[in-house]
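**Student:**
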Amino acid sequence: MKITVINGNTRHGNTWSCMKLFLKELSNYDETEIKEYYLPKDMPYFCIGCYSCFSLGENSCPHHEVVSPIVNSIIEADLIIMTSPVYSLDVSGHLKALLDHLCFLWISHRPIPAMFHKASLAIVTTAGVGLGHTVKTMTNSLSFWGVKRIFTYKAVIPVSSWEQMSEQKRYKMGKKIRKKAGKIARSIKKMDHLHYPMIRKMLFYMMRNMMKSNTWNPFERNYWEKQGWLGKKRPF
Ligand SMILES: Cc1cc2nc3c(=O)[nH]c(=O)nc-3n(C[C@H](O)[C@H](O)[C@H](O)COP(=O)(O)O)c2cc1C
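Those letters in the sequence shown? Residues 0 to 235, per numbering that gives the first Met the number 0, in order.
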């Protein structure tokens with residue numbers, strides 16, 4: 000199982016510890032090949048909104064050199080793990096900066112066919128509040144990239160270091176993570192036999208209609224045409 004991890008912060012704290020527990024549990028189901036990225040270390044820039052990824056392609060992004068290894072790794076992965084602590088009731092600014100760079104992957108632009116056959120996991124930790132909103136920011140991107148199965152893990156950890164957590168809480172979290180990791184591993188094994196979610200199918204068809212009449216961005220229209228999606232071919 001190929002796993003790409005995008006860590007929304009560099010701290011080896013609560014979020015990182017949850018992610019490592021998931022990796023350990025997943026390795027009980029299959030041999031794992033893991034690539035990890037840490038933000039902002041591996042992608043330290045803000046999107047400047049130049050629109051060139053939309054109109055000329057992602058290679059024209061001024062931050063292409065650091066963005067493309069992450070994109071390639073996402074494309075190769077069976078499982079994308081995205082993590083973030085809650086900062087100001089949302090994802091870390093570092094993760095948001097990467098997600099902004101990846102808008103060209105959205106179904107409304109140029110989704111990558113491989114995405115429609117992948118699983119993903121969004122991991123969020125907080126000291127108290129903001130889990131729902133934060134995980135939504137992450138699952139919004141994953142859905143709009145076309146990812147087939149999206150799992151989430153949310154944890155309230157009212158201590159600033161993992162070591163301060165009670166044995167009982169640690170045991171409960173471990174149990175939950177073990178159960179979810181099993182579910183993820185099983186869904187990856189039977190991915191080709193799982194149905195593609197109706198809501199994302201509808202989104203695809205809406206965007207297909209829009210692309211058919213797209214006169215404002217020939218680059219994106221050509222992409223859809225080349226994929227065969229304006230004809231009979233479908234990515235799911
Ligand atoms: C800058 C900053 C902003 C935070 N904002 C919130 C917040 O809005 N709500 C909350 O409940 N916790 C907030 N926290 C607490 C963290 O979400 C929480 O401690 C998290 O588990 C830390 O994860 P980490 O150990 O991986 O860094 C914030 C922490 C930091 C450093």
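Glycine is no exception: its CB is placed at the ideal position from the N, C-alpha and C atoms.
Which residues does DSSP pair with Ala118 in a beta bridge?
**Tutor:** According to DSSP, Ala118 bridges with Leu78 and Arg148.
**Student:** Can you have a look at Thr214 and say buried or exposed, based on whether 16 or more other CB atoms are within 10 angstroms of its CB?
**Tutor:** Of the other Cβ atoms in all chains shown, fewer than 16 fall within 10 Å of the Cβ of Thr214; this residue is therefore exposed.
**Student:** Going by Cα to Cα distance, which pick from Gly145, Pro112 and Asp99 is closest to Gly227?
**Tutor:** Pro112
**Student:** Tell me, please, which residues DSSP counts as bridged to Glu224.
**Tutor:** Note: Glu224 sits in no beta bridge, so no partner.
**Student:** Just the C-alpha distance for Gly12 and Lys232, rounded to the nearest angstrom, thanks.
**Tutor:** 45 Å
**Student:** Tell me whether Trp144, by its Cβ, gets closer than 8 Å to a heavy atom of ligand 1.
**Tutor:** no
**Student:** Within its chain, find whatever has a CB closer than 7 Å to the CB of Ile179; leave out the 5 residues flanking it on each side and keep chain order.
**Tutor:** Before going on, a small fix: residue 179 reads as Lys here, not Ile. Hits under 7 Å: Phe150 and Tyr152.
**Student:** Asp41 by DSSP, collapsed to three states: which one?
**Tutor:** coil
**Student:** What I want to know is whether the C-beta of Ile156 ends up closer than 8 Å to one or more non-hydrogen atoms of ligand 1.
**Tutor:** Yes; taking the cut-off as 8 Å, the Cβ of Ile156 has a heavy atom of ligand 1 nearer than that.
**Student:** Please state whether the Cβ-Cβ distance between Ser54 and Asn221 is less than 9 Å.
**Tutor:** no
**Student:** Rounded to whole angstroms, what is the Cα-Cα separation between Glu30 and Ser107?
**Tutor:** 35 Å
**Student:** Which residue from Phe235, Ser119, Val146 and His194 puts its Cα closest to that of Leu22?
**Tutor:** Ser119
**Student:** Where DSSP assigns a beta bridge to Pro84, which residues make up the other side?
**Tutor:** Thr124
**Student:** Identify every residue that forms a DSSP beta bridge with Arg29.
**Tutor:** Correcting the residue identity first, residue 29 is Asp in this sequence and not Arg. Paired residues: none, contrary to the question.
**Student:** Can you list, in chain order, the residues of its chain with a C-beta nearer than 7 Å to that of Ser142? Leave out the 5 residues immediately preceding and following it.
**Tutor:** So the list reads Ile149 and Arg199, once near-sequence residues are dropped.
**Student:** State the start and end residues of the unbroken alpha helix (DSSP H) segment that holds Ile176.
**Tutor:** For Ile176, the uninterrupted alpha helix (DSSP H) run begins and ends at Glu166 to Lys188, by DSSP.
**Student:** Which residue from Pro196, Val158 and Val4 puts its Cα closest to that of Val70?
**Tutor:** Val4
**Student:** If you follow the beta strand (DSSP E) that Asn6 is in, where does it begin and where does it stop?
**Tutor:** Lys1 to Asn6
**Student:** With a threshold of 8 Å (Cβ to nearest heavy atom), would Ser165 be considered close to ligand 1?
**Tutor:** no
**Student:** When DSSP labels each residue in this structure, what does Lys34 get in the three-state scheme?
**Tutor:** strand
**Student:** As a quick exercise: from Ala126, Leu20 and Ile2, pick the residue whose alpha carbon is nearest that of Tyr170.
**Tutor:** Leu20
**Student:** Does the distance from the C-beta atom of Val158 to that of Met164 stay below 9 Å?
**Tutor:** yes
**Student:** Is DSSP giving Lys153 helix, strand or coil here?
**Tutor:** Looking at Lys153 - three-state DSSP - the assignment turns out to be strand.
**Student:** Let me know if Ile47 comes out buried or exposed under the rule of 16 or more other beta-carbons within 10 Å of its beta-carbon.
**Tutor:** exposed
**Student:** If distances are taken between C-alpha atoms only, which option among Lys182, Ser67 and Ala126 comes closest to Leu101?
**Tutor:** Ser67
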